[in-house]
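Read the structure below first, then the notes.
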Ligand code: XIL
């Protein structure tokens with residue numbers, strides 16, 4: 049049975065995973081499986097602002113470098129994640145009392161510093177993450193509140209200037225089905241494109257339950273392709289109520305397979321990234337009380353039904 053990365057590349061897409069810096073450093077079986085199985089990696093937390101610039105102007109790329117070096121050695125693409133987000137911001141930034149001009153400068157410098165460092169090694173970036181509210185309008189949060197709505201267009205422009213080769217994405221959750229958020233996202237992308245903002249793609253996080261239907265995702269993706277941007281599934285995981293049983297794991301497997309089929313048949317869908325590849329390293333139990341077992345491999349790295357169904361779908 050060929051690994052996921054080979055099955056995917058034969059179909060013209062990449063299958064990737066989020067990577068946690070700790071297990072990558074400490075756990076040989078995690079490393080081996082990661083290198084063998086995936087064609088793309090996304091640092092799960094290592095490129096977030098609080099990790100990269102814990103004090104103003106003092107950058108720490110230790111964890112991000114380890115992940116990117118590993119990817120280069122293993123012929124893996126890297127999705128950079130993420131520059132403009134309302135979460136994972138260090139206290140010096142949120143509590144610093146900066147005025148608009150200074151804060152714009154801080155954001156610009158941060159984007160330039162991080163993109164420039166990884167020029168040629170990180171080819172795709174989630175420039176902005178989770179910028180919309182549930183009703184499809186811009187989310188109230190640190191950047192909008194402090195800088196006003198122009199921060200988004202500016203961030204993409206600064207990113208393009210810092211690395212003209214990189215593919216620049218807007219990443220969002222909850223837009224996998226038709227509704228206000230997907231509509232708002234489409235209007236936003238259309239608007240940004242009309243202003244000449246350099247946006248190349250839209251990422252659908254796709255953190256879902258095993259009872260979720262992804263039946264509308266293909267249509268949603270098609271609408272973005274029509275606007276002239278790439279699309280990707282960027283953070284797929286499929287949580288099940290604990291304790292997991294054969295029925296819920298079977299449903300989970302169908303959702304993983306469905307996601308793969310959607311990406312394979314949607315125009316301009318470049319990649320599917322899972323948000324962790326083993327139940328031993330997954331954010332779900334910490335963030336969704338009563339849920340877990342959300343990934344392709346169990347905590348011993350044995351393949352679950354989801355893994356087998358995904359390979360069949362690719
Ligand atoms: C999560 C990570 O998986 C956790 O390790 C961290 O504690 C919080 O962030 N949407 C995103 C990701 O864009 O960055 C989030 O990652 C999950 C939700």
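In full-length UniProt numbering, the protein residues as written are 49 to 362. Glycine included, every Cβ here is placed at the ideal spot set by N, Cα and C. It should be emphasised that the depicted structure is a prediction, and the values quoted were computed from it without experimental measurement.
Is it buried or exposed for residue i, if we count other Cβ within 10 angstroms and need 16 for buried?
i: residue 77; result: exposed
i: residue 243; result: exposed
i: residue 268; result: buried
i: residue 94; result: buried
i: residue 276; result: exposed
i: residue 91; result: buried
i: residue 334; result: exposed
i: residue 263; result: exposed
i: residue 135; result: exposed
i: residue 295; result: exposed
i: residue 196; result: exposed
i: residue 350; result: exposed
i: residue 252; result: buried
Are there any heavy atoms of the ligand XIL lying less than 6 Å away from the beta-carbon of residue i, as far as the coordinates show?
i: residue 92; result: yes
i: residue 331; result: yes
i: residue 75; result: no
Roughly how many angstroms separate the alpha carbons of residue i and residue j, rounded to a whole number?
i: residue 149; j: residue 142; result: 15 Å
i: residue 246; j: residue 129; result: 17 Å
i: residue 61; j: residue 155; result: 32 Å
i: residue 218; j: residue 137; result: 18 Å
i: residue 167; j: residue 317; result: 23 Å
i: residue 304; j: residue 357; result: 7 Å
i: residue 215; j: residue 207; result: 10 Å
i: residue 346; j: residue 353; result: 10 Å
i: residue 258; j: residue 360; result: 18 Å
i: residue 131; j: residue 176; result: 6 Å
i: residue 239; j: residue 229; result: 15 Å
i: residue 20; j: residue 278; result: Since the first residue shown for the chain is 49 and the last is 362, residue 20 is missing from the structure and cannot be characterised.
i: residue 165; j: residue 248; result: 20 Å
i: residue 86; j: residue 55; result: 10 Å
i: residue 265; j: residue 181; result: 19 Å
i: residue 231; j: residue 74; result: 43 Å
i: residue 378; j: residue 113; result: Because the chain is modelled from 49 through 362, residue 378 falls outside the range shown and cannot be assessed.
i: residue 211; j: residue 255; result: 29 Å
Quick check on the DSSP output: the alpha helix (DSSP H) that includes residue i runs from which residue to which?
i: residue 193; result: 190-195
i: residue 363; result: Outside the modelled stretch of the chain, which goes from 49 to 362, sits residue 363, for which no answer is possible.
i: residue 32; result: Residue 32 lies beyond the stretch modelled for the chain, which goes from 49 to 362, so this question has no answer here.
Start and end of the beta strand (DSSP E) containing residue i?
i: residue 252; result: 249-252
i: residue 278; result: 278-289
i: residue 174; result: 172-177
i: residue 129; result: 125-132
i: residue 66; result: 62-67
i: residue 245; result: Residue 245 -> no beta strand (DSSP E), and no H or E assigned at all.
Consider the Cβ of residue i: report whether some Cβ of chain D lies at a distance smaller than 7 Å.
i: residue 128; result: Absent from the structure: chain D. Only one protein chain is present.
Can you determine whether any heavy atom of the ligand GTP sits closer than 6 Å to the C-beta of residue i, and answer yes or no?
i: residue 229; result: Because the ligand GTP does not appear in the structure shown, any question about it cannot be addressed here, the ligands present being the ligand XIL.
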